[in-house]
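Trainee:
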Amino acid sequence: MKIKLCVLFGGRSVEHEVSIITAIQAINKIDKAKYEIIPVYIDKSGKWYTGGMLLDIEIYRDLDLLKRYAKEVVLYNRDGKFVLQNKKGLFKSIVTEVDLAFPIMHGTNGEDGTLQGYLETVGIPYCESNVYASALGQDKILQKQVLKENGVNVVKYKWFFDTEYLNEPDKIISSIDKSLDYPLIVKPATLGSSVGIAVAHDELELREYIMDASQYDYKILVEEVVNNLRELNISVLGNSERQELSVIEEVGSKHELLTYEDKYIGGKKGKLGGISSKGMASAKRLIPADISEDIEKKVKDQALKTFRALNSSGVVRIDFLYDEKNNEVYVNEINNIPGSLSFYLWEKTGKEYPELLDDIINLGIINYKNKSKKTTTFKSNILEGFNGLKGVKGLKK
Ligand SMILES: Nc1ncnc2c1ncn2[C@@H]1O[C@H](COP(=O)(O)OP(=O)(O)O)[C@@H](O)[C@H]1O
Ligand SMILES: [Mg+2]
C-alpha cells in the first residue's frame, strides 16, 4: 500500500511562485513506487485546489483554466480519516483520502506556523517543522532572542514596535545610537525576500528606513551590519534526535552588500531590491564554499545549535554572515522550508534528491509517532460538576 502524500504549495505569500517551482521539482523526484502524490495548490486568496493538471507547470500561466478544471477542496478529519472533499457540487463528494501532508511553501501562511497550526488542528501528520519552530523561523526578532539565549552568535540588535517609535522616536533613536554602531540594517520582523530592508549609514537614513519598514510590519528590527561580508549557507536535515549536515555554500560575491547596492530599485535609497533569500534567485553560488577548516567548524557547530534551539525538523537552510577580516560568523536566519528544499546542497553531500525527500517524509512520520506517544488530553471532572452560571464568581444571579 502506497502512502498518500498530500503536497501543499502556492499560498498567500510573496513567495507564491517560488513555492510552485520548488513543489513541482520535488514532486518529480519523489519515489512513486512508495508514495501516491496528491498535489494541492493554494491560490493567492487561500483557496485549495487538487487535480492531476497541477503537476504541469504550464497550468500556472492560466489560472482561470486551472480553476475551471481543478477541484476546489477542503481538508478535514472525517471519522479519523483525513479527506479532501469537494467544496462544490451537489453531493460534495470525497475526492481522496490522504495520509500525510507535506507543505512546500515559503514565507507567510505556509512556512510561518499558520498552515502547520491548521494541520495540527485537523490532526494530520505533516512534514517539516512544527508550529513553534515555524513561527520562530519567521519572526527575525523572536528568532534572535532564542538563538542568543542558546549560545548562538547573532549580530547586535535592538527591536521595538512601530507605535513606540511613532510616540517617542527620539528616545528610540538615542537608545539605538547608544548601543549599536553604524551602518545599521533595518528590517520588518516577519517578511522575507528583502522586502522593506535597508542599510542606514546615519541617523537621518535610520529614521527614514524605520518609517519605511513600519509600512510592512509593526515589529521592527535594527541590527549592526556585518563588514567584510561573505554569505555562507548550510542545510541541516533531521529532528530533535538526530541531525545531518550538508556541505557549505557561498552565495553572491565576496562583497554582497555592494552587489545588492548595485541592485537598488531605481538606484534609490539603499534598498535591497527584489533578491530572494530562498536560494533560487541568487546569481552566484560556490559549492562547497572556499573557507578555512576553522570557519567550516564554526558554521557547523552554530548550525546544529540553531537547529536545536529552534527545534526545527525536516530539511532547513541556515544562513550565515561571515566577517572575513575578523574571522567571525553570525547566524542571520533560518529557512524552515528552503527554496528547492536545498537539494543542490545535499547532492553535493552525496545524497540524491529522491533520498532526501524520502528522509523528509520519514521524519514527518517519526515526529508524528513520537508526538502521539505523549499525553495530550486529560480526564477532568470540571465540566461534570458544572451547573450553569450559579456560583461562578462575579456573576450575579
Ligand atoms: N546584519 C547584516 N549585515 C550585513 N548584511 C546583512 C545583514 N542582514 C542582512 N544582510 C543582507 O541582506 C540580505 C537579506 O537579509 P535577510 O535578513 O536574510 O532577510 P530576508 O528574510 O529578506 O532574506 C542578506 O542575505 C544579506 O545579504
Ligand atoms: Mg535571507
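Following the numbering used here, the numbering of the sequence shown begins with 163 at its first residue and continues without gaps.
Every residue, glycine too, gets a C-beta built ideally from N, C-alpha and C.
Would you say the region 387 to 400 touches the region 352 to 360, given that touching needs at least three Cβ pairs under 8 Å?
Mentor: Contact fails: fewer than three Cβ-Cβ distances are below 8 Å.
Trainee: Go ahead and pull the three-state DSSP assignment for Thr270.
Mentor: The answer is coil: DSSP assigns Thr270 none of H, G, I, E or B.
Trainee: Ser504 lies in the alpha helix (DSSP H); which residues open and close that run?
Mentor: It is not in any alpha helix (DSSP H) - Ser504 carries neither H nor E in the DSSP assignment.
Trainee: Kindly indicate which residue of Ile410, Gly476, Val260 has the alpha-carbon position closest to the one of Ile449.
Mentor: Of the listed residues, the one whose Cα sits closest to Ile449 is Ile410.
Trainee: CB-CB under 8 Å to Asn248, same chain, minus the five flanking residues each way: which ones, in chain order?
Mentor: The answer, listed in chain order, is Lys233, Glu234, Val235, Lys254, Ser255, Ile256, Val257.
Trainee: In whole angstroms, what separates the C-alpha of Ala263 from that of Val176?
Mentor: Near 22 Å, if we compare the C-alpha coordinates of Val176 and Ala263.
Trainee: For Ser296, list the residues DSSP reports as bridge partners.
Mentor: Partner(s): none; Ser296 has no beta bridge.
Trainee: State whether the region 330 to 340 contacts the region 494 to 514, with contact taken as three or more CB pairs (one from each stretch) at a distance under 8 Å.
Mentor: Touching, no.
Trainee: Roughly how many whole angstroms lie between the Cα atoms of Leu170 and Leu309?
Mentor: Rounded to the nearest angstrom, the two C-alpha atoms are 29 Å apart.
Trainee: Run through DSSP, which three-state label would Ser181 get?
Mentor: Helix, per DSSP.
Trainee: Specify, as a first and last residue, the run of the alpha helix (DSSP H) that Gly285 falls within.
Mentor: Premise fails: Gly285 is in no alpha helix (DSSP H) and is neither H nor E.
Trainee: How long is the line joining the alpha carbons of Ile480 and Leu466, rounded to whole angstroms?
Mentor: Straight-line Cα distance between these residues: approximately 10 Å.
Trainee: Counting beta carbon pairs with one atom in the region 483 to 491 and one in the region 453 to 462, are three or more of them shorter than 8 Å?
Mentor: Contact between the region 453 to 462 and the region 483 to 491 is present, because at least three Cβ pairs lie under 8 Å.
Trainee: Quick one: is the Cβ of Lys446 within less than 7 Å of any heavy atom of ligand 1?
Mentor: No - ligand 1 has no heavy atom lying nearer than 7 Å to the Cβ of Lys446.
Trainee: According to DSSP, Gln405 sits in a beta bridge with which residue or residues?
Mentor: Gly400, per the DSSP bridge assignment.
Trainee: CA-CA distance, Val202 and Trp210?
Mentor: About 6 Å.
Trainee: Excluding the 5 residues flanking Ile219 on each side, which residues of the same chain have their C-beta closer than 8 Å to its C-beta?
Mentor: Contacts found: Ile182, Ile183, Ile186.
Trainee: Would you call Leu503 buried or exposed, if buried means 16 or more other Cβ atoms sit within 10 Å of its Cβ?
Mentor: With 16 or more Cβ atoms within 10 Å of its Cβ, Leu503 is classed as buried.
Trainee: Have a look at Asp241, Phe244, Leu216, Asn473 and flag the residue whose alpha-carbon is nearest the alpha-carbon of Tyr231.
Mentor: When each option's Cα is compared against that of Tyr231, the closest is Leu216.
Trainee: Beta carbon of Ile359: closer than 7 Å to some heavy atom of ligand 1?
Mentor: Indeed, a heavy atom of ligand 1 lies less than 7 Å from the Cβ.
Trainee: Between Ile221 and Leu228, what straight-line distance do the alpha-carbon atoms span, to the nearest angstrom?
Mentor: Between Ile221 and Leu228, the C-alpha separation is close to 6 Å.
Trainee: Could you give the residue range of the beta strand (DSSP E) that holds Asp481?
Mentor: Run containing Asp481: 476 to 485, per the beta strand (DSSP E) assignment.
Trainee: For Phe244 and Leu472, I'd like the C-alpha separation in whole angstroms.
Mentor: Rounded to the nearest angstrom, the two C-alpha atoms are 29 Å apart.
Trainee: Please state the DSSP three-state secondary structure of Asn248.
Mentor: Asn248 falls in the strand class under three-state DSSP.
Trainee: Is Ser408 a contact residue of ligand 1, with contact defined as CB to any heavy atom under 7 Å?
Mentor: Result no, Cβ not under 7 Å from ligand 1.
Trainee: For a test of your reading of the model: does the CB of Asn494 fall under 7 Å from any non-hydrogen atom of ligand 2? Yes or no.
Mentor: Yes, Cβ of Asn494 sits closer than 7 Å to a heavy atom of ligand 2.
Trainee: Buried or exposed for Leu346, please, with buried defined as at least 16 other CB atoms from any protein chain shown within 10 angstroms of its CB.
Mentor: By the neighbour-count rule (16 or more Cβ atoms within 10 Å), Leu346 is buried.
Trainee: Is the Cβ-Cβ distance between Lys381 and Ile266 less than 8 Å?
Mentor: In this structure, Ile266 does not lie closer than 8 Å to Lys381 by Cβ.
Trainee: At a threshold of 7 Å, does Ser355 count as lining ligand 1 (C-beta to nearest heavy atom)?
Mentor: Yes, the Cβ of Ser355 comes within 7 Å of a heavy atom of ligand 1.
Trainee: Excluding the 5 residues flanking Ser402 on each side, which residues of the same chain have their C-beta closer than 8 Å to its C-beta?
Mentor: Closer than 8 Å at the Cβ level, and outside the excluded window around Ser402, lie Arg470, Asn473, Ser475.
Trainee: Return the CA-CA distance between Ala443 and Thr537, expressed in angstroms with no decimal places.
Mentor: Reliability fails at Ala443, whose pLDDT of 43 lies under 50, so the model's placement of it is uncertain and the value that follows must be treated cautiously. Rounded to the nearest angstrom, the two C-alpha atoms are 44 Å apart.
Trainee: Check Pro201 in the structure and name its three-state DSSP category.
Mentor: Reduced to three states, the DSSP call for Pro201 is strand.
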